[in-house]
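Novice: Residue numbers (our numbering), protein chains in the order written: chain A, 26 to 270; chain B, 67 to 330. Every residue gets a Cβ at the ideal spot worked out from N, C-alpha and C, and that includes glycine. In this text, all values refer to a predicted model and were calculated from it rather than measured experimentally.
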Amino acid sequence: MNIRRTLATARRVLLQLRSDPRTVAMLLLVPCLLIVLLKYAFDGRQEVFDSLGAPLLGIFPMVVMFLVTAVATLRERTTGTLERLLTMPLGRLDLLLGYALAFGLVALLQGLLAFGLTVGLLGLDIAGPSWALLAVAVADGLLGMALGLFVSAFAATEFQAVQFMPAFLLPQLLLCGLFTPRDTMAGWLHAVSDVLPLSYAVDAMNRLTSEAGFGGAVAVDLVVVLGCTLLALGLGAVTLRRRTA
Amino acid sequence: MMNSSPAVDVRALCVVRGGRPVLQRIDLTVARGSVTGLLGPSGCGKTTLLRSVVGVQRIESGEVRVLGLPAGSPALRNRVGYVTQAPSVYADLSVLANLRYFAEVLGAPRTDPDRVLDEVGLSPHAKDLVGRLSGGQRARVSLAAALLGAPELLVLDEPTVGLDPVLRQELWQLFHRLAAGGATLLVSSHVMDEAARCTALLLMREGRLLAHDTPQALLDATGAADIEGAFLSLVADADTDAHAEAHMDARADEDAEAASEGTR
Numbered sequence: 026m027n028i029r030r031t032l033a034t035a036r037r038v039l040l041q042l043r044s045d046p047r048t049v050a051m052l053l054l055v056p057c058l059l060i061v062l063l064k065y066a067f068d069g070r071q072e073v074f075d076s077l078g079a080p081l082l083g084i085f086p087m088v089v090m091f092l093v094t095a096v097a098t099l100r101e102r103t104t105g106t107l108e109r110l111l112t113m114p115l116g117r118l119d120l121l122l123g124y125a126l127a128f129g130l131v132a133l134l135q136g137l138l139a140f141g142l143t144v145g146l147l148g149l150d151i152a153g154p155s156w157a158l159l160a161v162a163v164a165d166g167l168l169g170m171a172l173g174l175f176v177s178a179f180a181a182t183e184f185q186a187v188q189f190m191p192a193f194l195l196p197q198l199l200l201c202g203l204f205t206p207r208d209t210m211a212g213w214l215h216a217v218s219d220v221l222p223l224s225y226a227v228d229a230m231n232r233l234t235s236e237a238g239f240g241g242a243v244a245v246d247l248v249v250v251l252g253c254t255l256l257a258l259g260l261g262a263v264t265l266r267r268r269t270a
Numbered sequence: 067m068m069n070s071s072p073a074v075d076v077r078a079l080c081v082v083r084g085g086r087p088v089l090q091r092i093d094l095t096v097a098r099g100s101v102t103g104l105l106g107p108s109g110c111g112k113t114t115l116l117r118s119v120v121g122v123q124r125i126e127s128g129e130v131r132v133l134g135l136p137a138g139s140p141a142l143r144n145r146v147g148y149v150t151q152a153p154s155v156y157a158d159l160s161v162l163a164n165l166r167y168f169a170e171v172l173g174a175p176r177t178d179p180d181r182v183l184d185e186v187g188l189s190p191h192a193k194d195l196v197g198r199l200s201g202g203q204r205a206r207v208s209l210a211a212a213l214l215g216a217p218e219l220l221v222l223d224e225p226t227v228g229l230d231p232v233l234r235q236e237l238w239q240l241f242h243r244l245a246a247g248g249a250t251l252l253v254s255s256h257v258m259d260e261a262a263r264c265t266a267l268l269l270m271r272e273g274r275l276l277a278h279d280t281p282q283a284l285l286d287a288t289g290a291a292d293i294e295g296a297f298l299s300l301v302a303d304a305d306t307d308a309h310a311e312a313h314m315d316a317r318a319d320e321d322a323e324a325a326s327e328g329t330r
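1. Tell me, please, which residues DSSP counts as bridged to Thr-102/B.
2. To the nearest angstrom, how far is the alpha carbon of Pro-190/B from that of Asp-292/B?
3. So what does DSSP say about Arg-131/B, is it helix, strand or coil?
4. In three-state DSSP terms, what is Leu-188/B?
5. Since Thr-269/A meets chain B, which of its residues come closer than 9 Å, beta carbon to beta carbon?
6. Which term fits Gly-328/B, buried or exposed, when burial requires 16 or more other beta carbons within 10 angstroms of its beta carbon?
7. Nearest-angstrom Cα distance between Glu-260/B and Gly-121/B?
8. By Cβ distance, which residues of its chain are closer than 7 Å to Asn-27/A, with the 5 residues on each side in sequence left out?
9. Any C-beta of chain A within less than 8 Å: which residues of the stretch 135-163 of chain B qualify?
10. Assuming Arg-109/A and Tyr-148/B are in contact, meaning their beta carbons sit under 8 Å apart, how far apart are those beta carbons, in whole angstroms?
11. Could you spell out the range, first to last residue, of the alpha helix (DSSP H) harbouring Ala-78/B?
12. State yes or no: is the C-beta of Leu-214/B within less than 9 Å of the C-beta of Ala-141/B?
13. Kindly indicate if chain B contains any beta-carbon less than 9 Å away from that of Ser-44/A.
14. Residues of chain A with CB under 8 Å from Arg-83/B, in chain order?
15. My output table needs one value for Asp-279/B: the three-state DSSP class, helix, strand or coil.
16. Could you tell me which whole alpha helix (DSSP H) segments of length 4 or greater appear in the stretch 158-240 of chain A?
17. Find the residues of chain A that neighbour Glu-129/B, judging by a C-beta separation of less than 8 Å, and give them in chain order.
18. Listed from N- to C-terminal order along the chain, which residues in the stretch 67-92 of chain A have their beta-carbon within a distance smaller than 7 Å of any beta-carbon of chain B?
19. In angstroms with no decimal places, state the Cα-to-Cα distance between Asp-279/B and Tyr-167/B.
20. CB Cys-201/A to CB Leu-223/A, shorter than 9 Å?
21. Just to make sure I have the definition right: I need the residues of chain A whose C-beta is within less than 9 Å of the C-beta of Glu-170/B. Which are they?
22. Shortest alpha-carbon distance to Phe-175/A belongs to which of Leu-147/A, Ala-95/A, Ile-84/A, Ser-44/A?
23. Under three-state DSSP, which class holds Arg-268/A?
24. Could you give the first and the last residue of the continuous alpha helix (DSSP H) run that contains Ile-60/A?
25. By how many angstroms is the C-alpha of Val-144/A removed from the C-alpha of Asp-150/A?
26. Which residues does DSSP list as the beta-bridge partners of Leu-222/B?
27. Quick check: is the beta carbon of Glu-108/A nearer than 9 Å to any beta carbon in chain B?
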């Protein structure tokens, strides 16, 4: 690992994003727009918004980051720049951490915007501390980014990469406890949901919604989400092979 | 700096892709300071051979040594420059931003991006987005990136495809300038008339090396008027040999089977 090369890679990825302002705008604004829609879909029923706002504040950024990262890294593979980089003295981790830094910064910005909107303008009322809400939202964005990096290794085309969203994220969304509490699921479904990272993201948000203070359980959930992020990055590094068939 | 060992030394290299042999027992050397042309029809295995030299190709058997080290060694990563057939640069960055990034990865001097831009004649386009350039200009950005850090060996996969004759000539002049400066160049092409510009030639067909000599020696040996004629004459010879040794050659076996079926 080499700091200079990692930072150079992060700067390059951000420069690439800058030349595509529409993508940047959608990255930052789409989650905000969805949250506004949520608020007014439950017209005036603040208690529904209060119970759903926090989990969705975690889920929307994750989905958006997943898609953008999966396509960006796939593009690196298909245009031959990845092959060029791997013939150069660039470590696989340098590349992945460079991506993680650049998109992590975007996730942070996105989280700040969505958080400011939800808590500041739309008046989301939760029992837990609002800084914890922000922390979990950003962690969810990072998780989406790391999963996107990882699954892009299994996609040969951009069509496939985009399809990984419904294939990889929607099952997690169904089982994460948003639609039906995880405790009430059949035993085997509950077991499956126990190994899916989104379950922990939503658990953390639900706890922050209903419990005062920053409890140990929230901390554990947050650690699990960050652990899955690191695991996905590590697995992503394994899928980058210098020699291919 | 000059070293008597060859820049590239390939022994009994076999590569299988998708269950099909793509390279069959290739033996060759590339002399230091040479401009060696790798010529052969499209699909004959040129790219696979170049990928093996750069160390990104998974090989079945054999040995590939580059600048005295096994191909793909970490120590070679800033001593070998590689240009893939399709330009491998970022379309959504400017020409200069591309070169600055690759220079940083290589640890090349800060002045290198400007130097290589000048060498490929793209200085006026430094600020342009690569995605807005023509195909030929994009190919030259890709080439410029490989020149960063002044590598000792340059492996170029069809670098002159789609370029106009004036530009092609300029690039070949650049290749010879680099060779005069001590670099070794291995350049593939499927255009036979580029052969005359090389100091050594490797002729390939269907995963095998047909010949390895200087352009003049090839013409003398075959009595052909140009390299295309020499190639055809070598192919005819190789086919005759293959049929004579049918039991040793799977492909010739198939041919023989097809022939016997035809007589039934």
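Specialist: Working from what's here:
1. The sequence position of residue 102/B within the second sequence is 36, counting from 1. According to DSSP, which records beta bridges pairwise, Thr-102/B is partnered with Leu-252/B, Ala-266/B.
2. Here the question's residue 190/B lines up with position 124 in the second sequence. Here the question's residue 292/B lines up with position 226 in the second sequence. In a straight line, the C-alpha of Pro-190/B is about 38 Å away from that of Asp-292/B.
3. Reading the second sequence from its first residue, position 65 is the one you call residue 131/B. Three-state DSSP puts Arg-131/B in a strand.
4. As a first step, residue 188/B must be located in the second sequence, where it is residue number 122. Assigned with DSSP and collapsed to three states, Leu-188/B falls in coil, not helix or strand.
5. As a position in the first sequence, residue 269/A is number 244, starting the count at 1. Proximity of chain B to Thr-269/A at the Cβ level (cut-off 9 Å) is accounted for by Arg-117, Val-122, Gln-123, Arg-124, in chain order.
6. Here the question's residue 328/B lines up with position 262 in the second sequence. Only weak support exists for where Gly-328/B lies, its pLDDT of 45 falling under 50; the value from the coordinates is given anyway. A residue is called buried when at least 16 other Cβ atoms come within 10 angstroms of its Cβ; Gly-328/B does not meet this threshold and is exposed.
7. For this step, residue 260/B is matched to residue 194 along the second sequence. For this step, residue 121/B is matched to residue 55 along the second sequence. Distance between the alpha carbons of Glu-260/B and Gly-121/B: 26 Å.
8. Looking up residue 27/A in the first sequence gives position 2. Taken in chain order, the residues that qualify are Gly-116, Asp-119.
9. For the stretch 135-163 of chain B, residues whose beta-carbon sits nearer than 8 Å to a beta-carbon of chain A comprise Gly-138, Pro-140, Arg-143, Asn-144, Val-146, Tyr-148, Thr-150, Ala-152, Pro-153, Ser-154, Val-155, Tyr-156, Ala-157, Asp-158, Leu-159, Ala-163.
10. Position 84 of the first sequence, counting from 1, holds the residue named residue 109/A. Position 82 of the second sequence, counting from 1, holds the residue named residue 148/B. Arg-109/A to Tyr-148/B, Cβ: 7 Å. Contact.
11. Position 12 of the second sequence, counting from 1, holds the residue named residue 78/B. Counting along the chain, Ala-78/B falls outside any alpha helix (DSSP H), though it belongs to the beta strand (DSSP E) covering 74-83.
12. One-based indexing of the second sequence puts residue 214/B at position 148. One-based indexing of the second sequence puts residue 141/B at position 75. Not closer than 9 Å, so no.
13. To locate residue 44/A, count along the first sequence from 1; it is residue 19. Yes, Ser-44/A lies at the interface with chain B (some Cβ there is under 9 Å from its Cβ).
14. Along the second sequence, one-based indexing puts residue 83/B at 17. Going along chain A in sequence order, the residues near Arg-83/B (Cβ under 8 Å) are Ala-270.
15. Here the question's residue 279/B lines up with position 213 in the second sequence. In this structure, Asp-279/B counts as strand in the three-state DSSP scheme.
16. Runs found: 183-189, 195-200, 212-219, 222-235.
17. Indexing the second sequence from 1 puts residue 129/B at position 63. Chain-ordered listing is empty here: chain A has no CB closer than 8 Å to the CB of Glu-129/B, the nearest sitting near 15 Å.
18. For the stretch 67-92 of chain A, the set of residues with a beta-carbon nearer than 7 Å to any beta-carbon of chain B is empty.
19. Translated into positions along the second sequence, residue 279/B becomes position 213. Translated into positions along the second sequence, residue 167/B becomes position 101. Distance between the alpha carbons of Asp-279/B and Tyr-167/B is about 39 Å.
20. Within the first sequence, numbered from 1, the residue matching residue 201/A stands at position 176. Within the first sequence, numbered from 1, the residue matching residue 223/A stands at position 198. The answer is yes: Cβ separation under 9 Å.
21. As a working mapping, residue 170/B is identified with position 104 in the second sequence. Correct list: Arg-29, Arg-30, Leu-32, Ala-33, Thr-34, Arg-36, Arg-37.
22. As a first step, residue 175/A is located in the first sequence; it is residue number 150 there, counting from the start. Out of Leu-147/A, Ala-95/A, Ile-84/A, Ser-44/A, the CA that lies nearest to the CA of Phe-175/A is found in Ala-95/A.
23. For the purposes of this step, residue 268/A is taken as residue 243 along the first sequence, with counting starting at 1. Per DSSP, reduced to three states, the secondary structure at Arg-268/A is coil, with no helix or strand assignment.
24. As a position in the first sequence, residue 60/A is number 35, starting the count at 1. For Ile-60/A, the uninterrupted alpha helix (DSSP H) segment begins and ends at 46-66.
25. Translated into the one-based positions of the first sequence, residue 150/A becomes position 125. Translated into the one-based positions of the first sequence, residue 144/A becomes position 119. Taken atom to atom, the span from the alpha-carbon of Asp-150/A to that of Val-144/A is near 7 Å.
26. The residue labelled residue 222/B in the question sits at position 156 within the second sequence. The partner list for Leu-222/B (beta bridge, DSSP) reads Val-149/B, Val-253/B.
27. The residue labelled residue 108/A in the question sits at position 83 within the first sequence. Taking Cβ atoms only, chain B reaches closer than 9 Å to Glu-108/A, which makes this a yes.
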